[in-house]
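To start, the structure itself, in structure tokens.
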Amino acid sequence: MSQELLEGVLPRGINMPLGLGERTVKAWDMSDPSICQSEEWRDDWCAKAVAVGSGGYTDLESQEVVVRLISFDEPAAAEALFAGGGTADEVGQNPPGDQIDGYETTSPAEGWAGRGFNVRQGAVIAKVEYAWAEGSEVPDRLMGITKMVIERVRQAQGGDNPTASMR
Numbered sequence: 000m001s002q003e004l005l006e007g008v009l010p011r012g013i014n015m016p017l018g019l020g021e022r023t024v025k026a027w028d029m030s031d032p033s034i035c036q037s038e039e040w041r042d043d044w045c046a047k048a049v050a051v052g053s054g055g056y057t058d059l060e061s062q063e064v065v066v067r068l069i070s071f072d073e074p075a076a077a078e079a080l081f082a083g084g085g086t087a088d089e090v091g092q093n094p095p096g097d098q099i100d101g102y103e104t105t106s107p108a109e110g111w112a113g114r115g116f117n118v119r120q121g122a123v124i125a126k127v128e129y130a131w132a133e134g135s136e137v138p139d140r141l142m143g144i145t146k147m148v149i150e151r152v153r154q155a156q157g158g159d160n161p162t163a164s165m166r
């Protein structure tokens with residue numbers, strides 16, 4: 000998936016749950032591979048990538064979401080790099096995507112906790128991380144946001160405009 004298509008896949012603030020506003024949304028081609036590495040992708044993945052993108056969303060107080068995407072020429076390339084083996088306890092029943100793994104995140108901000116999913120859909124791998132201030136009353140939106148992102152990837156891969164939304 001090209002840089003332009005990948006940028007269209009990234010949700011905008013209007014697609015996110017109410018209360019989460021868009022902070023940044025951007026995609027890059029691989030003319031500068033250091034951008035891929037700065038977006039926290041592994042070197043061997045960056046060497047084979049076509050494009051990367053990221054979006055950040057927050058309510059500026061108690062919750063934040065980061066969506067990172069990396070795209071390859073074909074699904075086989077992404078499948079060779081990512082072998083998700085998420086269990087039902089980790090990712091629930093009928094999780095989105097071709098492969099998925101869940102994980103706990105470590106936040107640079109003290110007093111914050113979080114979780115994330117790595118998901119492959121065709122030739123695109125998504126990393127969706129949801130963080131919240133400990134003690135805050137926020138809904139767990141990680142799976143809903145992940146499903147929306149993967150649906151947007153599917154729509155773009157099928158030649159449609161990515162329109163999936165949580166609103």
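Residue numbers (numbering that gives the first Met the number 0): 0 to 166. For glycine and all other residues, C-beta sits at the position ideal for the given N, C-alpha and C. Source: prediction; values computed, not measured.
Closest in C-alpha terms to Asp31, from the list Ala50, Arg151 and Gly20, comes Ala50. Look at Gly12 here: in three-state DSSP terms it is helix. With fewer than 16 neighbouring CB atoms inside 10 Å of its own CB, Gly143 falls in the exposed class.
Sorting Arg67, Asp42 and Asp28 by C-alpha distance to the C-alpha of Pro10 places Arg67 at the top. Ala75 and Phe81 have their alpha carbons spaced roughly 10 Å apart. If you draw a straight line from the Cα of Glu73 to the Cα of Arg166, it is about 31 Å long. The C-alpha of Gln120 is placed about 25 Å away from the C-alpha of Arg22.
Closest option to Thr145, judged by alpha-carbon separation, among Gly84, Thr104 and Pro94: Pro94. By alpha-carbon distance to Trp111, the top candidate from Ala77, Ser135, Leu17 and Ile99 is Ser135.
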